[in-house]
């Protein structure tokens with residue numbers, strides 16, 4: 135009889151504890167944060183000395199000013215206070231660029247009504263990719279004016295920016311589309327100009343993650 139009473143008491147305690155445990159779980163869950171990494175907090179390694187000497191402090195996207203598809207000057211200044219998604223491409227690319235641009239269309243559409251998010255697609259073949267050529271390409275992919283910038287700039291500055299600014303491998307094809315080399319990565323840049331993520335622009339799941347993490351940055355939960 136005593137054992138039965140003890141068992142009944144334990145059952146009662148467990149029943150009473152269930153709401154408490156649920157409340158504790160929900161409270162802790164609500165305090166969880168989705169933390170995005172901050173890349174290159176101790177600077178960027180430069181083993182081949184391709185980039186200017188740097189220190190061991192936080193890496194930020196350097197100053198640059200290029201021309202977009204509408205003939206407007208756009209660059210680092212326009213990144214201040216905005217979340218920017220960046221990729222490198224060229225319009226005559228025979229391989230991965232069409233896939234990347236198609237995936238970037240989804241990003242463009244997802245944030246079409248969000249002024250704090252913008253896209254910069256930077257050409258690594260600026261000799262061919264004039265603003266007029268970029269304009270035609272932008273229209274083909276439904277780029278929203280002022281939202282998705284297709285940029286062209288001086289070749290040497292472009293390659294320096296890719297390798298040393300956004301830390302993405304890039305090789306000049308000297309006019310031959312088959313010889314250009316660039317990364318398939320989309321780079322997520324925060325309002326301060328820090329790199330917060332890299333995502334394969336040829337992988338739909340990776341681009342889904344980019345969209346999610348852009349929303350995390352946008353709503354200040356990182």
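Numbering (this note's numbering), first residue to last: 135 to 356.
In this text, a Cβ means the ideal position worked out from N, Cα and C, and glycines have one as well.
List in chain order: all unbroken beta strand (DSSP E) runs of 3+ residues lying wholly within the region 245-300.
251-257 and 282-285
Coarse secondary structure for residue 330, derived from DSSP in three states:
strand
Residue 199 - containing beta strand (DSSP E), residue span
Segment 199-201, the beta strand (DSSP E) holding residue 199.
Extent of the continuous beta strand (DSSP E) run through residue 221
Following the DSSP letters along the chain, one finds residue 221 inside the beta strand (DSSP E) bounded by residues 217-223.
My assumption, with CB atoms under 8 Å, is that residue 322 sits in contact with residue 335. Please give the rounded CB distance.
So it is not a contact: roughly 12 Å between Cβ atoms.
Check the C-beta distance from residue 218 over to residue 257 and give it rounded, since I have them as a contact under 8 Å.
At roughly 16 Å, the Cβ-Cβ gap does not stay under 8 Å, so residue 218 and residue 257 are not in contact.
Between which two residues does the alpha helix (DSSP H) containing residue 350 stretch?
338-352
Between the C-alpha atoms of residue 339 and residue 278, what's the straight-line distance to the nearest angstrom?
23 Å
Could you tell me whether the region 268-283 touches the region 242-253, using the rule of 3 or more Cβ pairs below 8 Å?
yes
Could you give the first and the last residue of the continuous beta strand (DSSP E) run that contains residue 322?
319-323
Collapsed DSSP secondary structure at residue 172 in the structure displayed:
coil
Put residue 189 into one of helix, strand or coil per three-state DSSP.
coil
Cut-off 8 Å between Cβ atoms - residues of its own chain near residue 210, not counting five sequence neighbours on either side:
195, 196, 197, 198, 199 and 327
Own chain, CB closer than 7 Å to residue 343, minus 5 neighbours either side, in chain order
Take residue 343, set aside five residues on each side of it, and the residues of its chain with a beta-carbon closer than 7 Å to its own are 333, in chain order.
Evaluate residue 202 with the Cβ neighbour count: other Cβ atoms within 10 Å of its Cβ, from every protein chain shown; 16 or more gives buried, anything less gives exposed.
buried
So is residue 353 buried or exposed if we call it buried at 16+ other beta carbons inside 10 Å?
exposed
How would you label residue 260, buried or exposed, when you count the other beta carbons within 10 angstroms and need 16 or more for buried?
So residue 260 ends up on the buried side.
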